[in-house]
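Student:
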Amino acid sequence: METQYHDLEKIIEDYNKVNLEFKDTKRKIAKLEKKLKPFEEKLDVLYEEVGKIASASYMGGNMSGLTAVFTTGSADNLADRITLLDQVTVDDHDAITALNDAKADLDEQKRVLDGLYSTQSEQEGELREKKETIEADLDRLQDERETAYRDSRDVADDGFIPPYVPGDRGKVVRFALKQDGEPYVFAAAGPDGWDCSGLTLGAWGQVGVNLPHNAESQWNMVQHISRDELQPGDLVFYNGLSHVALYIGDGHVIHAATNYSNVYVTTIDAAASDYFGAGRIPGW
Numbered sequence: 001m002e003t004q005y006h007d008l009e010k011i012i013e014d015y016n017k018v019n020l021e022f023k024d025t026k027r028k029i030a031k032l033e034k035k036l037k038p039f040e041e042k043l044d045v046l047y048e049e050v051g052k053i054a055s056a057s058y059m060g061g062n063m064s065g066l067t068a069v070f071t072t073g074s075a076d077n078l079a080d081r082i083t084l085l086d087q088v089t090v091d092d093h094d095a096i097t098a099l100n101d102a103k104a105d106l107d108e109q110k111r112v113l114d115g116l117y118s119t120q121s122e123q124e125g126e127l128r129e130k131k132e133t134i135e136a137d138l139d140r141l142q143d144e145r146e147t148a149y150r151d152s153r154d155v156a157d158d159g160f161i162p163p164y165v166p167g168d169r170g171k172v173v174r175f176a177l178k179q180d181g182e183p184y185v186f187a188a189a190g191p192d193g194w195d196c197s198g199l200t201l202g203a204w205g206q207v208g209v210n211l212p213h214n215a216e217s218q219w220n221m222v223q224h225i226s227r228d229e230l231q232p233g234d235l236v237f238y239n240g241l242s243h244v245a246l247y248i249g250d251g252h253v254i255h256a257a258t259n260y261s262n263v264y265v266t267t268i269d270a271a272a273s274d275y276f277g278a279g280r281i282p283g284w
C-alpha cells in the first residue's frame, strides 16, 4: 500500500511540475510577444515609407509621380533631390534589413517557445484528464488504510511540543503548524487544502520567498545540507524527490501526506520510508 502511495505522489508532483513549466513558458511567450510588437510596428512604418517612394517613382506611364518628386522647386537643385531620394531609400533599406535581422532572432526564439508550449499543453491536458482518477485513487487508498490500520499511524501524538522559533523562520514554522490537520488536496497550495510542495510553498511565502510548486524544483533551488545541519524552516525531501516536508525542530517535520490525507507532525524518519536529503533556502 505504501508503494502505491509513493507512486501516486510521484504522479501528483509530476503534474505540479508540468503546470509550473507550462506557466513559465506562457510567461516567456507573452514577454517575447511584447518585445516583438515595436519591431513589427516600426517595420510597418518603414515599409509604408518605401512603398510611397516606389509609388511616386513608378505611378502611371506619364511619370507624374516622379515629376512631382523631382520638379518641386527650382531646377537648380534637381541633382540634390535625386541624391536625397537615393539616400532615403538606402537608409530605409538598411533600417529594414537591420530590423528584420533582429526580429528574425526573436521570431526563432518564439518558434522554439511555441513548440514547447504545444508539448507542455498536451502533457498538461493528459494529466488534467487523469486528475479525477488520481483523486479517486487517493480516496480508495485512504479507505483501505483506515480499514487495515484503524488510524494506527506513526505520527507525533506522544505529547511533542514544537520548540519556539524566533524571527522569520518562526513565521514559516508557525504558519505550517497552523495547517496541522488540514486536508491533503491534490495539487493544492491552500488555503483550504495542501499537497506536500504546496505546504512548503505556502509556509515560505509568509516571508516573501517564492518556492516553485514542485518538490524536485524546490530541491534544485535550495542549498543542500546534511541532516545534522537542519534548522527549523529547512526542507526535508523523500521518495526520489516526490515528497517534501518542513523541518520544525527536535527531529520533527510537518508535511501534507497522501497516505494520511492531511497535514500532520511526525518525526523525520516516520514521515516517509525513503529519506532523500535536506535543503536550505539560499540566504537563510
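The numbering of the sequence shown is UniProt numbering, which starts it at 1 and goes up by one. Quick reminder that beta carbons are idealized off the backbone N, C-alpha and C, glycines included. The model shown is predicted, which means the values in this text are computed figures rather than measured ones.
#1: Check the DSSP bridge columns for Q223 and list the partner residues they point to.
#2: Tell me the DSSP secondary structure of I134 in three-state form.
#3: Name the DSSP bridge partner or partners of F237?
#4: What residue does the alpha helix (DSSP H) around V172 start on, and which one ends it?
#5: DSSP state of F70, grouped into three classes?
#6: Any idea if T97 is buried or exposed, counting beta-carbon neighbours within 10 angstroms, 16 or more meaning buried?
#7: Checking the sheet assignment: what are the DSSP bridge partners for I254?
#8: Alpha helix (DSSP H) containing W204: first to last residue?
#9: Just list the residues that DSSP pairs A187 with in beta bridges.
#10: Do the segment 180 to 190 and the segment 256 to 270 touch if we need at least three Cβ pairs shorter than 8 Å?
#11: Rounding to the nearest angstrom, what Cα-Cα distance links E126 and D14 in this structure?
#12: Am I right that P282 and L20 are in contact with their C-beta atoms under 8 Å? What's the rounded C-beta distance?
#13: Is F160 helix, strand or coil when you go by DSSP?
#14: Tell me whether N100 is buried or exposed, calling it buried when 16 or more other Cβ atoms sit within 10 Å of its Cβ.
#15: Given 8 Å as the limit, is there contact between the segment 168 to 176 and the segment 196 to 207, that is, 3 or more CB pairs closer than that?
#16: Can you give me the C-alpha to C-alpha distance between V253 and A271, rounded to a whole angstrom?
Tutor: Based on what the coordinates show:
#1: R280
#2: helix
#3: V244, G277
#4: 167 to 178
#5: Any reading at F70 is ruled out, since the residue's pLDDT is 45, under 50, leaving its predicted position unreliable.
#6: Result: exposed.
#7: For I254, DSSP records a beta bridge to L246, V265.
#8: 196 to 205
#9: By DSSP's assignment, A187 forms no beta bridge with any residue.
#10: Contact between the segment 180 to 190 and the segment 256 to 270 is present, because at least three Cβ pairs lie under 8 Å.
#11: 12 Å
#12: 19 Å between Cβ atoms; not a contact.
#13: coil
#14: exposed
#15: yes
#16: Straight through space, the alpha carbons of A271 and V253 are spaced by roughly 8 Å.
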